[in-house]
Every structure is written in structure tokens, then in C-alpha cells.
Amino acid sequence: MKASGMSRKNKWPYLFIAPYFVSYAVLSLFPIVFTFYMSLTDWDLYGNRNFIGLENYKQLFFHDSYFWKSLLNVFLFLLGYLPALVIVGMLLASVIESKLIRRKTFFRLSVFSAYMTTPVAVGIIFALFFDWQGGILNQLFVEIGLLTEKINWLGSADSARWIVITMVFWKNLGYFVMFYTAGMASVDRSIYEAAIIDGASAKDVFFRITMPLLKPINLFLIITSIISGLQLVEEPMLLFSGWASGSSMVGGPDGSTFTPIWYMFDASFDSSAFKYGKGAAIAYSTFLFIALFSVISIKWFNKEDKGR
Amino acid sequence: MKRTGRKVGTWVACLALSLMVVIAGCGSNDANHGTASENGKNQDAPVKLTAWGWDKAWFDASLVEFNKVHPNISIDFVEVSAGDYLKKVQTSIASGSELPDILWAEEAFRGAMYELNVLEDISSEPYNFDSSKLLDFELPLLTNSKGELVGLEQSGSPGALAYKRDLAKQFFGTDDPQELAALFPDWNAFIEKGKEVVQESGGKTYMLGSLMDAYTILSKQGTTAVVDGTTVNREVVLELFKRLQVMRDSQTEGKLGMWSPTWNASYSQDNVIFYPAANWSPQFVIKPNDKSSNGRWGLMVPPEGGYPYGGTTIGIWKDSKNKDAAWTYMNWLLASDEGAEANFKVSNYILPLKSFFEDTSKLSSGPDEFFGGQDLGSFWVEEVFPSMKAKQVTKYDQDIYSASELVLETMAQDPNFNAEEALMRWEKQLKKNHSELIFK
């Protein structure tokens, strides 16, 4: 007969792993469930704590242009940097892994170093670089005569979005390259050699061998990028925190770099509204979108796979 | 059956034990406070208070003076930067943790702090502080929306205009503060003169560094609050933005971005003449930004009078177990002539107490070479304080400032962005987290 539950013999393993699960329940599971409960209340620090059902969600989905704008922004960012990261990352990894490059580790590390920079530093570096009056870029362009008047790069919605795209691209390129080089290094060399003997060009080898074999890596990178893209917050927030310009701009010019998580932080902690209920609803709604787009990406990849 | 019950019992015991271990780590220790509370009832028994704040130099120096009179009260000072202060307070409230006995609230967030219901009303029992002891303009800065007096000022924070004497002489023919004040009785005169300065300097010198410099003064002058309850006075804001638009159009400001590195650097350059300045500015802003100059600076009353600039409220946590001792500290240091003198002695801070202003001669700080021999103490007390007015602080102040920063950045860079558009965008920004606001 199969023993069920905890017997005298097997209770010790359960006891030893219990602290982890209890800590998880208290420090992770409980906050997750409690945050959902919070999202159904009008809890703020000014004394309100009433159960209001789905009112926060209704407000967000049907009456809150900032929420939709923040989602639109992160999708625009993703559209801007994700294809570029995949294409440039793969090409750069191919070059690093090719016979043209000898000191591969040096180049891998050089590209990866940007990824090791903390988001706070990245935000500040870009803020100092693109600042209107004191920014390095404007100073340089004026010095060499490319500009007669300084441009407020961070002051208009379009250029602000492009700067965020550039910033995320610059930071994550090394991460993509590392995955691609690891993937390429793991491909059996005999496949490439056989293809070359059969007369395949470098282009054919890249598109017909390298790319298909990197598909699992692409799937992983795209899905994790969508998740992290929807969670983007530190870089744009630091970019507009006033390090270089002196004035902070919540959400960037005309809300053009507002992200859902920034909005959550703003509604709950940063502004003087202290709307925890609304912040929790933003967090859960963002989670829904992350889950939705992750599922769509997986289905899309799997469908393509079956198609072949 | 019996065995299954025992198994379940073991599981429950394990879970309970683990939960206790985890939760015990999150709990607060009340034991010390209990002892302190009991001690607080005895006037001479030692009492230990806790305070959160950022100005440690002032705190330490003033505490030494306080302890000469009340040696039994010691205070643990926890340094919390002003930028993080409200977040620390709100997370403590949300998690049910204890707050310090003495709380500080800086200008930017004091309105929000007043509404969190964490500060004692010191005008009621058992404190019964007589608010008529304060200079009249102070009351709106220290009361919450219920009309409760929730704290006292660390120092009155009079706002004026700092100027570069050499540039003033070059463009206006005088560097005398009173003659300059007479030259600019209102902002229209200031703007008109600004046009001449830009023209004469070939666009190299501006009256002010940025629109936010102008906003800092203009938004604080007068007594009509932007928000009354939940009603926003659109007219007041529109008027303000119209004035700022005129300043932008007439090139009164140099688009430097207040508090930016270029703005800080301009203190030692010739591109800006005037800056908003409070009584803390010489020590914390002007001198550090223009270290090598001597006698180049002056202070004058701005067009249309003084204004409150900065300031910190100090109050008592309403659930403190040492309220008596906390009040003894506040009452001596911030509400008595003795404390006011100690305050002036250690930091040149001027308490806004009527009794302290009866003899202003003692508030003279003597000639300051950096300011061309100007007596700054007398300047603040005799020229700025009497012309000061203040608006009621509200919990929306911080967000109003952020929304204004955002729209003024656009206004500064886009010559077609007018006051009406600025108001619309400002309203939208404010409504984002305050849907309860009504704009009239």
C-alpha cells in the first residue's frame, strides 16, 4: 500500500523544507494575494480603505488615458528595440564567433559591460548626455558647427521615446549577444562544414542553419524581453528625474515615456495621492498584459514551428 | 485515524512555528517605549525621544542649547533625507510601524504630511499653544485642512531676490538694494527692464535663470490658494501661466533649468542677474556656487513683496508615548524667546514669533563682506518679513509643483505653447492621481 501524507520516516525532509515554503507564503504569496485584495479597495493613506469591487479596474480600463498611454509607450519601445536587438545581436554574435575575430572573450565582455551597468547609472548617463543646456551631445554639435541652437532632446515626445529606445537597446545588446554567442558555440561545427562543402554561401549558412538553430534562444529572449519591457521603469524614471535638467518630469514630456510600473509607483508612492488601491490595480493589470503577450508569443512561435 | 490526526497536528505545529519565526522578525519592540512613557510622566526623569530629520548640523547645535535647560531629555536623531522622508513615513504608516516622537515636514510635502493624521494639534489640550504668538503669515503654513495647528517652524523662511551687484550696476545703474526694489515695484517693470537687458547684452544676459525661478516666486506670492478643499482655482493658475508666458516671450529667463548643473554654474558667470533666495540660500546655494567672489552679491525685496521660500515644520507624532517631553522640546526651542535666541545663535535661524520681533536690533548679523557689506539679518527681519504673505498649504502642493515643472519645461522650449495650453496640460496632469479635484 502506498503511504500517504507524512509518515514517521519522511517527515524530516518536509520539516527541513518547511521554512522556505512558509517564508514564501508569508513574504511572497501573501503579498501577491493581499495586493489583489488591495486592488479591490480605495485604500489610501488618508483614511480610506473601503471595498469597491472592480471600480479601480473600470477606471483604469475605461477612463484612464494615462494607463493606456503607458502601455502604448512600452509597446512602442518594444517595437523599437526588440527587432533591433534580435537582428544586431545576432549579427554581432556571428561576427564575434567568426574566424575574423581572435580575442572573442574580450569582445564578448566589451559588449556585455553595458548590461552590467545599473539602470540608475544608465538613466543618469543618458540624462547628462542628452540634456538641453548642459548636455554633452548639444555641446559637441554646437562646437563642431552642426547646430546653431541647442535642441531639447528630452523635451519633445518623439525624441524622448527614441532616447529611451536607444538606452534600452544599448543596455541589452550585450545580453542578447551573450545568448547568441553561447548558442552559436554550441552548434556542432560539422553542420557548418557540411553546408560549406555542399556549396552554401555565408548568407545561406546564417539564414538556414544559424537562425533556425537559435530559435529556442530567440523564443526565450523575446518572451523575457516582453516581460521586462512591460516592467520597464528605472531607466526612463531616472532619465527624467532632473539629474541634469534640474526639473523632474513625471512620465516625460506629455507622458511619452510613462510606463505602467512608473505609473504604479507614481500613484502609490511618489505623488501625494498615496492611492494604494489604484497602484495595486495597475500592478495586476500590467501582470495580465504580461501574461497575455507571453502566451501570444509562445503560441506564435509554436505555430511557426508546426508550420514547418 | 488517530495517526492522521497526529500528522495534521505536526504539520500545523511546524507551520505555526515557522510563521512565528518569520513574523517575530517583522514585529516592533514596544518594551523600550513603555519605559520611556512611564519616565515621561516624571518631569525630571530621563526621557529618550526619537526624531527623524535631515538638518543634522542645526539639530545637534540646537540640542546642546536645549539640554542646558532640560538635561533629562535626550533625542536620538535619525538622518533621513528630505527627498525620502515622506516615503519613509508612508511605508511606516502602511506597515503599522512606529513613527518617531518628533516629525519634520519640509515645504514641498508638508501639506501632504498634515493630512496623514499623524501630527498632534498643538493648539488644543494639553498643549494649548497660543497661535497668536506667531507672525500672522505663518498660520496657513502650519495648519491642516481641519484648521488644526500641527507644528511649528524650524525657522521662518523669508524669500527675496539675490542679485549680482556688478551686473545690476552695469544694466540698472545702481547696486543698492533699496534703489533696485524701487526700480522694480511690480513684475511688469521687471519684465520691461528684462527686455532692455537682453537687448543691451546681445542676448547673453537674462534677468532670471529659468521659468521655474520665476514660478518659485510668483506662485508663492499672495494669499489666494490654488486649491481650496477639492476645488482648483483655474483663474489663479491661468494668470500665473500668462505671466510666465510673457516672461518667456520677452526673454526674461535664460532657459537654464532651475537646480541643473548649468543653472548652478551660472552663479559664477555673467549670464543671469537675479535668483530667488531664502535666508538659507546664502549658506547652501549662493556661496557654494560662487566660492571665489567677494562682495559681488546683494539681496533685495522682490517685485510685489516677500514670499515664503522653503521652511520646515516640526511636530509631534500623535501616537507618541513621550508627548510631554516632545512638547517640552518644541515649546522651548521653537516657541520661546529663549529658544529663538538659541536658534539664532547656532544657525542664524529666525523664529517667526511676534515677541522675538519686538526688538529687531538683536537680529542684526553685522556686515557680510560676501554680500557687499549688507547686514543680512536686518534685511530679512526689517525688509522681507513685514511684506510676507502666505497661501494655505494643501496635500496637493507637491503634485501641483510637479505638474507645473512639466508644463513649464514645454513652455520654455516651445514658443507656440501658450498659457491656455499649459493650463489644460497642467489640469490633466493633476487629475491623473487626484480624480476628486474640481476645476473651476
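Residue numbers (the numbering used here), protein chains in the order written: chain A, 1 to 308; chain B, 309 to 748.
Backbone N, C-alpha and C define an ideal beta-carbon position, used for all residues, glycine too.
- Contact of W567/B with chain A is assigned, a C-beta pair being separated by under 8 angstroms.
- With contact defined as three or more Cβ pairs closer than 8 angstroms, the stretch 620 to 633 of chain B and the stretch 418 to 433 of chain B are in contact.
- In the three-state DSSP reduction, M608/B falls in the strand class (E or B).
- Note on geometry: alpha-carbon atoms of F16/A and I222/A lie some 37 angstroms from one another.
- The bridge partners DSSP lists for E414/B are T620/B.
- A straight line joining the alpha-carbon of D254/A with that of L642/B spans about 43 angstroms.
- If you draw a straight line from the Cα of L671/B to the Cα of W495/B, it comes to about 30 angstroms.
- In this structure the stretch 458 to 465 of chain B lies against the stretch 611 to 623 of chain B, because at least three pairs of beta carbons, one per stretch, are closer than 8 angstroms.
- Cβ neighbours of L491/B within its own chain (closer than 8 angstroms, five residues either side excluded): F480, T482, A497, K501.
- L288/A and L230/A have their alpha carbons spaced roughly 11 angstroms apart.
- At a cut-off of 4 residues, the continuous stretches assigned as alpha helix (DSSP H) that sit fully inside the stretch 133 to 173 of chain A are 136 to 143.
- Distances from the CA of M696/B to each of P584/B, V593/B, E612/B were compared; the closest alpha carbon is that of E612/B.
- Residues of chain B whose Cβ lies closer than 7 angstroms to the Cβ of Q133/A are, in chain order, K563, L564, G565, S568, T570.
- Interface annotation, D266/A: in contact with chain B, CB-CB separation under 8 angstroms.
- The beta carbon of L45/A sits closer than 8 angstroms to some beta carbon of chain B.
- Using a 10 angstroms sphere on the CB of M116/A, the tally of other CB atoms stays under 16, which defines it as exposed.
- In the three-state reduction of the DSSP assignment, E387/B falls in the strand class.
- Apart from the 5 residues on each side of it in sequence, F274/A sits with its Cβ closer than 8 angstroms to the Cβ of D44, L45, Y46, S268 in its chain, given in chain order.
- Taking every protein chain shown into account, the CB of N602/B has fewer than 16 other CB atoms within 10 angstroms, so this residue is exposed.
- The beta-carbon of P13/A is placed no less than 8 angstroms from the nearest beta-carbon of chain B.
- Under the 8 angstroms criterion on CB atoms, I581/B is classed as non-interfacial with respect to chain A.
- Taking 8 angstroms as the cut-off between beta carbons, none of the residues of the stretch 434 to 446 of chain B comes near chain A.
- By the Cβ criterion, the stretch 513 to 529 of chain B is not in contact with the stretch 445 to 460 of chain B, since fewer than three pairs of Cβ atoms, one from each stretch, lie closer than 8 angstroms.
- In terms of Cβ geometry, V164/A and E234/A do not form a close pair [threshold 8 angstroms].
- As DSSP reads the structure, A586/B sits in a beta bridge with G467/B.
- For the pair A720/B and K563/B, the CB atoms are nearer than the 8 angstroms cut-off.
- Nearest C-alpha to S439/B among P660/B, T702/B, F747/B, E691/B: P660/B.
- Counting of Cβ neighbours within 10 angstroms places F176/A among the buried residues, the total reaching 16 or more.
- DSSP places W625/B within a strand segment (E or B) once states are collapsed to three.
- Rounded to the nearest whole angstrom, the CA to CA distance from N138/A to A244/A is 13 angstroms.
- For S70/A, no Cβ of chain B is located within less than 8 angstroms of the residue's own Cβ.
- For S382/B, the pairing in a beta bridge is given by DSSP as K356/B.
- Taking C-beta atoms under 8 angstroms as the contact rule, E97/A and M184/A qualify, at a distance of about 5 angstroms.
- When the Cα atoms are used, K599/B and G134/A turn out to be separated by approximately 21 angstroms.
- Contact note: K275/A reaches chain B through N741, using a C-beta cutoff of 7 angstroms and chain order.
- Neighbours of M249/A in chain B, taken as residues whose beta carbon is under 8 angstroms from its own, are E713, L714, E717 in chain order.
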